[in-house]
Amino acid sequence: MAATEQILQHYESIRPEQEDFYKDLHQNPELSHQEHRTAANVARSMSSYGFQTETGIGGTGVAAVLHNGNGPTVLLRADMDALPLQERTGADYASTITAQDRGGDRVPVMHACGHDIHVACLLGASRLLAEHQDQWRGTLVALFQPAEETGDGARGMLDDALLDRIPLPDVALAQHVLPGVAGHVATRSGPVLSSADSIRITVHGRGGHGSMPQNTIDPVVLAAMIVLRLQAIISRETPPTEPAVLTVGSLHAGTKSNIIPDQAVMELNLRTYTDATRQRILDSVRRLVQAECAASGSPKEPDFETFDSFPLTVNDEATTMRVAGAFSTHFGERAGSLELQTASEDFSDIPRTGNIPYTYWGIGGTDPQTYRAAVRDGRVLEDVPANHSPMFLPVLQPTLQTGTEALVTAALAWLGLDDSPPANPAAP
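Structure representation (structure tokens):
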């Protein structure tokens, strides 16, 4: 029996504790940079499995290392933070937690993106590998990252000398639960998650009475013209073969119907899959906004502020093929191809900084009958809650087991006693 099957046949022995940990974490979510309870519980568990565990990296990050003889070093990563959202799943372990956000407001908190699944799966995989060290050789690094949702958690750990505090990985691996048939896994080489840039733009006018617009420069009309013109960047300046999304998600101006304000503020979000496309669209946004302001006689140049930027996630081909092969062997027909995702992640900041090859895959989290019926009826968007929905709740099983098996299977593609690659193949 192969090492993967030797280890995973013991999953049932850890299942009850894993499910209990997951439900507790789902009931007690924490916002980005506030993952203190989660990190403490994770560190306690990892230490009990025999890992050398370090906490407080980049604020609340946890790194756990298990040395098991000579061999490659594999990093497995999970994110820990939740979202400011009121849960409406109706689950008996639903969150009723509230917390103070960065702006000082009291908000509901929910694990609406599946990070609780990620944490529980990485704990389960770590425990199985720790309890069966006779089946593998090398070093396992389990990384529990804060603040993925704000896009600065990985960078915060790096700025806190993460790569000096752990053995340099030869490969970095991560996964995400997504809408799709629970029990299935999916991989993709090349670009898999988009880069994302959020930009706050302030345009200036000259305020006055709503009854005398001739005495003003109306920033509301100016902003409206900009919103319409921005759409042409995608439809007329970007080749149809290059995926890109530009959304104006917020537009604020004025306080009263008969007062023309002196400024308008809009926030837009850009998603792209190549650095060249990203820069070209960012340049076009600036050019278009400046031109519209000039055309309206704006008394000041517009202000641009970039916030919440996420890097492009590009899976290394050789690494992805190695994981895909392992998945095909273990999962059989339940292993497939992942579609290009418009979501964004900051995981890639870590391997890119260390010149480490990486791959990032998806696991399904939807009840199989529900998902297949939705596909059959053409109602996936209506009937299958997606990540960041107040109704998003992956089915407990087989999601947890699949995510655990995926991490173990992928790690053993390097750590297995047979066919281990040379150390740090991507190092210069």
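The sequence shown runs contiguously to residue 436 in our numbering. Cβ atoms here follow ideal geometry from the backbone N, Cα and C, with glycine treated the same way.
message = In the DSSP output, which residue or residues are listed as bridge partners for S352?
response = BP columns for S352 are empty, so no partner.
query = By how many angstroms is the C-alpha of T97 removed from the C-alpha of I359?
reply = First, the amino acid is wrong: residue 359 is Pro here, not Ile. Going from the Cα of P359 to the Cα of T97 covers about 35 Å.
Whole alpha helix (DSSP H) elements within the stretch 169-204, 4-residue minimum = 170-173
query = Alpha carbon to alpha carbon, how far is R45 from P154?
reply = 12 Å
task = Might you give, ordered along the chain, the residues of its own chain that have their beta carbon closer than 7 Å to the beta carbon of I22, omitting 5 neighbours on each side?
result = G132, R135 and L136
task = Select from G77, D324, I289 and A421 the residue whose C-alpha is nearest the C-alpha of G333.
result = A421
ask   = What residue does the alpha helix (DSSP H) around S260 start on, and which one ends it?
value = Checking the displayed sequence, the identity of residue 260 turns out to be His instead of Ser. Careful: H260 lies outside any alpha helix (DSSP H), inside the beta strand (DSSP E) at A252 to A261.
ask   = Where I72 and A169 are concerned, what is the direct C-alpha to C-alpha distance, given to the nearest angstrom?
value = Checking the sequence, you will find Ala at residue 72 rather than Ile. Approximately 15 Å between the Cα atoms of the pair.
query = Would you call the CB atoms of L84 and L181 closer than 8 Å?
reply = yes
query = Taking the C-alpha atoms as reference points, what is the distance between D357 and I364?
reply = 10 Å
inquiry  = According to DSSP, simplified to helix, strand and coil, what is L83?
reply    = strand
inquiry  = Measuring CB atoms only, is the stretch 242-249 touching the stretch 224-231, in the sense that at least three cross pairs come out at less than 8 Å?
reply    = no
G111 and S317 closer than 8 Å at C-beta = no
inquiry  = So for E25, helix, strand or coil by DSSP?
reply    = helix
query = If we ignore side chains and look at the alpha-carbon of each, how far apart do H75 and L16 end up?
reply = 20 Å
request  = Drop a sphere of 10 angstroms on the beta-carbon of N323, count the other beta-carbons inside from all chains shown, and report buried for 16 or more, exposed for fewer.
outcome  = buried
task = Pull up the DSSP beta-bridge partners for G372, would you.
result = L186
query = Should D142 go down as buried or exposed, given a rule of 16 or more other Cβ atoms within 10 Å for buried?
reply = exposed
key: P310 versus A272, P199, Q287 and A343, residue with shortest Cα-Cα distance   = A272
key: Sub-8 Å separation of A190 and T337 beta-carbons   = no
message = When you compare the CB of A155 with every CB in chain E, is at least one pair closer than 8 Å?
response = The question asks about chain E, but that chain is absent: this structure has only one protein chain.
Limits of the unbroken beta strand (DSSP E) element including D316 = D311 to F318
request  = Give the secondary structure of S103 by DSSP, where H, G and I count as helix, E and B as strand, and everything else as coil.
outcome  = coil
ask   = Rounded C-beta distance between A252 and R295? I'm assuming under 8 Å.
value = Not quite, the Cβ-Cβ distance comes to about 16 Å (not below 8 Å), so this is no contact.
key: Start-to-end residues for the beta strand (DSSP E) that takes in N323   = T321 to N323
request  = Identify every residue that forms a DSSP beta bridge with H217.
outcome  = I267
message = Which residue marks the beginning of the alpha helix (DSSP H) containing V50, and which one marks its end?
response = H44 to S56
task = Compute the distance between the beta-carbons of G188 and G372, then report whether it is under 8 Å.
result = yes
inquiry  = Using C-beta distances below 6 Å, list every residue in its chain close to V388, excluding the 5 sequence neighbours before and after it, in chain order.
reply    = A382
request  = State the Cα-Cα distance for the pair S202 and Y57, rounded to the nearest angstrom.
outcome  = 36 Å
message = Please give the ranges of any alpha helix (DSSP H) in the stretch 91-154, keeping only runs that are unbroken, at least 4 residues long and fully inside the region.
response = 123-139
query = From P37 to T417, what does the alpha carbon distance come to, in whole angstroms?
reply = 28 Å
query = Where does D354 land, buried or exposed, given buried means 16+ other C-beta within 10 angstroms?
reply = buried
Helix, strand or coil at T224 [DSSP, three-state] = coil
inquiry  = Would A407 and T195 be called neighbours here (beta carbons separated by less than 8 Å)?
reply    = Here residue 407 is Thr; the residue named in the question, Ala, does not match the sequence. Not closer than 8 Å, so no.
query = Tell me the DSSP bridge mates of H212?
reply = Q271
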